[in-house]
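One structure is given here, and the rest of the page talks about it.
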Amino acid sequence: MVSPLLCFSSSSLPVFLLFLFTIFVASVPFPVSSTLPPLQLNDDLLGLVVFKSGLEDPTSSLASWTEDDDSACSWKSVQCDPRNGRVTRLSLDGLGLSGKINVRGLQKLTHLRDLSLSRNNFSGTITPDLARLPGLLRRLDLSYNAFSGTIPDDFTNLTSIRVLHFSGNSLSGPIPEQFFSGCVSLQSVSLGGNLLEGPIPRTLRECSSLAALNLSDNRLSGNPDFSSNGIWSLGKLRVLDLSQNGFTGPVPPGIALLHNLKELHLGKNQFEGPLPGDIGLCPHLLRVDLSHNTFGGAIPTSFQTLHSLSSLSLSNNRLTGDFPPWIGSMSNLQFLDLSNNQITGGLPDSLGNLRLLNSLILSGNGITGEVPEAVKYCTGLSEIKLKGNNFTGSIPAGLFDLGLREVDLSSNMFTGPIPPGSSQLFESLTFLDLSENGLTGTIPPEMGLYFSLRYLNISWNNLHSRLPPELGLFRNLSALDLRNSGLYGPIPEDLCEYNRLSVLQLDGNSLSGPIPEGIGNCSLLSLLTLSHNNLSDSIPEAISLLKNLKILKLEFNHLSGEIPRELGGLNELLAVNVSHNRLVGQLPEGGIFPSLDKTALEGNLGLCSPLLVGPCKMNVPKPLVLDPNAHNRGRNHPRDINGASDSRKARHRMFLSVSAIIAISAASIILLGVLIVSLLNMSARKRLAFIETALESMCSSSPRSAAAKALAGRLVLFTTSESKYEDWAHQAESLLTKASEIGRGVFGTVYKASLGDQGKTMAIKKLITSNIIQYQDDFDREVRILGKAIHPNVMTLQGYYWTPQLQLLISDFAPNGSLHSKLHERGPSSPPLPWPTRFNIVMGTAKGLAYLHQCRPPIVHYSIKPSNILLDENFNPKVSDYGLARLLPSLDRHIPKTRFQTAVGYVAPELACQSLRINEKCDVYGFGVMILELVTGRRPVQYGEDDVVVLTDHVRVLLEQGNALDCIDPSLTDYQEDEVVPLLKLGLVCTSQIPSSRPSMTEVVQILQVIRTPLQHTMEAY
């Protein structure tokens, strides 16, 4: 046993002497005097001083804690019982504390009832000693720290605890089966925001006093026990939050037993079947979130009895049936989100009864008819989103009389004029999207009075209106999209008077006149598209003032003259198109212009570029021609035949000399240019190498680097203890041999290896160390974010191994290899994948990607292709290698496209342009190519002797010719034709060149569910 003396440093020697003195006084039988205070008061003070000695307090929040005081009751964050002066509450929330939690000091606080250490920086495992604190402890809060490891089994003995909060950490492994044993007194449990996995312990039903249970944002799975002997038996439960996990199965009736329930959160799981029909028998419900599941059927009519309900979210499910006509009976409803379902019918007039409604979100359904005028009675409405339905008629004028903040009525069939709006709307509206409708009339001049408006999109309508000069009155507008709306007339000169615009899109109209010089006032502009209009005159030099401009599109106009040379100074410019105008002359020498391709320049009168065929016309005055023999003509010398011949020869020699000079000059300039570019490249490489070396040198001497080296060779597993695998960790690199290699990818090589003595086969990815995060704490943070992704169709990341020279990612092993190997590397004796398996692979991959995109923050894969789709023992697909761009340093993340150029045929076109924001639509493109590959059995790009066949083009041509069945893989002998053809069409939609035209992965899943044949639906139902 360690001597108590070793627990005290020299700086805390007075504390130790005070401790000995206290023991001495307690052991000597002094006569009791009424003038001496009870010596037990110092036990609390001494315990807190000992507790503080193990903490790191960077902000000196506990500076008042000193042993010189007689009592701790006046200290910051300490509360005492006024009756006896004993410490009862210790609340150290949000003080930035770290270090060791000295339980020995806390154990002296025998009257402590409330201990809260939340929102600090404590790390390591939760010590089991915390479970042995004094028996009066009622509340323990360790939430929002950096604790890791498993939940100690010792906490099953905390029979006195009422509140136990461990949320917001990195705890892993299963919840101990006996965690809820003997929890008769437990009232609130919060374990959300961790890495916990496995099922919910069945002992939960013993917590008869439980009022709040939060298990959200973990990796828990299985079908929770919702029976009358399970969760539904917790009659005192008021808050149930199981959201953002991997729970499956139906939610059966029986929720009516939770008579006191106020909040129900089951969103972002994989629950299925109908919604619980007796939910209306929970009269105290205030908030219900069942979104992002696969619930089907109609919305139960029992919802109409929830008169206290204020928030209802059923979005992103498979709900069907008409919009509920009884919605008006839910009089306290403030938030209603039914988006992305299959709800039909029209909106009832009873909607106007929801006077408290703040948000109405019905996007992505099939709702028809007109928006009822009664909606104007929803006087509390601030957000209405009806995008992607089949609404008809005009926009109710009364709607624009409300104090709306966000309005999205896009992608419907609204007709008629745009309502002018009211003074209340002028002050409140920040977002307005009326695009893709059939609106007519003019743009109301009152729109210029929308002082708070930041986003305005009226594109793809039939307005046939002039651009009102009032558009220049927008004070806060940052995005203006008026594409393809039949607009004509000039562009207002003062459009950027308030200098807030960052996006201006006026393509596809009939705008005329010059581009105004006032465009130079839009200094924040990053996207300017004026293509497909009738604009004339020259390109204004004022555009060179737009230093933030990234995309400039001016094609298909009547612009003339030369491109201003000053535009070459726009260093942020990454995409330009000036094709099909009347431009002439040289291109600007700087910026992106020297690297423009033919499609960005063609169709002009005389642009000078080696990519263009045609004359190079300079827009300059004709040069003055001097006759070299003019001085001889004034002398009247006789000229004979020989003299004339000599004159002609002289002129000929001069002509040859000038031609030679021009040719030599041009060659010199080209040679000089090549030399300069080469020197610049060499200089850039040297500078990068120098910077990299300097950074490495600086970092190698930094304390952070020293700390990283101290952590060399660390093995971290999210679901089990690392101690079992210490031997493996010491010889990790030696086990990754060429013989165990099973694949190579963008980020490194994958090996098959056995982990530890148990011999569990895992997939080990050895990362390429160049341009990978080099510090273990940053690496740990990013990998743990990826490790939280748990889904049946996502390959689970089990942990990692880290040294400064070697980084490994550890995940489950897929026994059936990759989809690529099954499609393109199949041996002659291996049967082809049958059609049901192929369709299930498409469906499972779509669900996995949809799940990754719905994570917060969203996880973008960047490199979807068959080699990254692994197959388990049942040929279920597992998306692997997701989100690895997070492991790049922040500078390198901005150019991830260079990492994925090897994925020929799968790369979305926008990845070729570094200027564009990379998002989930890049994954949709790769997924679309994968669909075509699965159906056709062909590679995305096939090289022949004389041509190159691109799969997307090949399929598109055959579909247009009506020969869709010619696309199908010849090895498929049995398939569903009513599935194959729609699947090919879906693949082409997903590979649209325009990212906004591609569906989201959530929408893809819904489309696939429609494509699936009724026979398979019936089989799945059983």
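Numbering follows UniProt numbering, with no gaps: position 783 of the sequence shown is 783. Positions of the beta carbon are idealized from the N, C-alpha and C atoms, including for glycine. All of these numbers come straight from a predicted model, not from anything done at the bench.
Task: Strand pairing of Asp241, partner residues [DSSP] - done: Asn214 and His265
- [ ] Quick one: measure Cβ to Cβ for residue 1025 and Leu55, integer angstroms, because I've assumed they're closer than 8 Å.
- [x] The structure shown does not extend to residue 1025, since the chain spans only 1 to 1022, so no value can be given for it.
Open item on the list: By alpha-carbon positions, which one of Pro514, Leu573 and Gly591 ends up nearest to His558?
Closed with: Of all alpha-carbon atoms in Pro514, Leu573 and Gly591, the one lying nearest the alpha-carbon of His558 is that of Pro514.
TODO: Going by DSSP, name the residue or residues bridged to Leu257.
DONE: In the DSSP output, where bridge partners are listed per residue, Leu257 has none listed.
Task: Residue environment, Pro588, which counts as buried when at least 16 other CB atoms sit within 10 Å - done: Flag for Pro588 reads buried.
- [ ] Using beta-carbon positions only, say whether Leu596 and Val613 come within less than 9 Å of one another.
- [x] no
Task: Among Arg119, Ile543 and Gly105, the one whose alpha carbon lies nearest that of Pro134 - done: Gly105
Task: Closest residue to Thr110 among Gly85, Thr294, Ile101 and Pro128 (Cα-Cα distance) - done: Gly85
- [ ] Please go through the same chain and pick out, in chain order, the residues whose beta-carbon is closer than 6 Å to the beta-carbon of Leu434, but skip the five residues on each side of it.
- [x] Leu409 and Ile458
- [ ] Report the rounded CA-to-CA distance for Pro82 versus Ser71, giving the unit in angstroms.
- [x] 12 Å
Task: Straight-line Cα distance separating Gly369 from Glu562 - done: Those two C-alpha atoms are separated by around 53 Å.
TODO: Report yes if the C-beta distance between Leu281 and Leu264 is below 9 Å; otherwise report no.
DONE: no
TODO: Return helix, strand or coil for Ser452, following the three-state DSSP convention.
DONE: coil
Task: Supposed contact pair Pro815 and Asn876 - C-beta distance, whole angstroms, cut 8 Å - done: By a beta-carbon distance limit of 8 Å, Asn876 does not contact Pro815. Their separation comes to about 11 Å.
Open item on the list: Measuring straight from C-alpha to C-alpha, what distance separates Ser308 and Leu286?
Closed with: Ser308 and Leu286: Cα-Cα distance of roughly 6 Å.
Open item on the list: Mapping the DSSP letters down to three states, classify residue 1029 as helix, strand or coil.
Closed with: Residue 1029 lies beyond the stretch modelled for the chain, which goes from 1 to 1022, so this question has no answer here.
Task: Same chain, Cβ closer than 6 Å to Tyr882, five either side skipped, listed in chain order - done: Leu852, Ile859 and His861
Open item on the list: Let me make sure I understand the geometry here. Which of Asn245, Gly149 and Gly799 has the alpha-carbon closest to that of Gly192?
Closed with: Considering only alpha carbons, the answer is Asn245.
Open item on the list: For Leu257 and Ser233, which I take to be in contact (beta-carbon distance under 8 Å), what is that distance rounded to the nearest angstrom?
Closed with: 7 Å
Open item on the list: Using a Cβ-Cβ cutoff of less than 6 Å, which residues in the same chain neighbour Gly346 once the five nearest sequence positions on both sides are dropped?
Closed with: Thr368 and Gly369
- [ ] Let me know if Ile175 comes out buried or exposed under the rule of 16 or more other beta-carbons within 10 Å of its beta-carbon.
- [x] By the neighbour-count criterion, in which a residue is buried when 16 or more other Cβ atoms sit within 10 angstroms of its Cβ, Ile175 is buried.
Task: Own chain, CB closer than 6 Å to Ile869, minus 5 neighbours either side, in chain order - done: Taken in chain order, the residues that qualify are Leu819, Thr845 and Pro877.
TODO: For the segment 988-1002 and the segment 960-969, state whether three or more C-beta atom pairs, one from each stretch, are separated by less than 8 Å.
DONE: no
Task: Nearest neighbour of Arg886, chosen from Asn874, Gly267 and Gly787 [CA to CA] - done: Gly787
Open item on the list: Given a cut-off of 9 Å on the beta-carbon distance, is the pair Pro199 and Gln178 in contact?
Closed with: no
Open item on the list: Taking the alpha-carbon of Ile443 as reference, which of Ser411, Leu456 and Lys822 has the nearest alpha-carbon?
Closed with: Leu456
Task: Cβ-Cβ separation, Leu356 to Ile384 (assumed contact under 8 Å), whole Å - done: Ile384 to Leu356, Cβ: 15 Å. No contact.
TODO: Below 7 Å CB to CB, which residues in the same chain sit around Leu477 once its five sequence neighbours on both sides are set aside?
DONE: Leu453, Arg454, Leu456, Arg500 and Leu501
- [ ] With Val251 as the anchor, note down where its alpha helix (DSSP H) starts and where it stops.
- [x] That residue, Val251, is in no alpha helix (DSSP H); it is neither H nor E in DSSP.
Open item on the list: Using only the alpha-carbon positions, how far apart do Leu951 and Leu504 sit?
Closed with: 35 Å
Task: Cβ neighbour criterion (16 or more within 10 Å) applied to Pro828 - done: Of the residues assessed, Pro828 falls on the exposed side of the cut-off, its CB having fewer than 16 other CB atoms within 10 angstroms.
- [ ] Helix, strand or coil for Leu425, going by three-state DSSP, please let me know.
- [x] If DSSP states are grouped into helix, strand and coil, Leu425 belongs with the helices.
- [ ] Just list the beta strand (DSSP E) runs in the segment 389-434, keeping only unbroken ones of 3 residues or longer that don't cross its boundaries, in chain order.
- [x] 406-408 and 431-433
Open item on the list: I need the DSSP call for Ser821, collapsed to helix, strand or coil.
Closed with: Ser821: helix per DSSP, three-state reduction.
Open item on the list: Using the Cβ count rule (16 or more neighbours within 10 Å means buried), how would you classify Cys207?
Closed with: Cys207 should be labelled buried.
Task: Extent of the continuous alpha helix (DSSP H) run through Pro836 - done: Trp835 to Gln854
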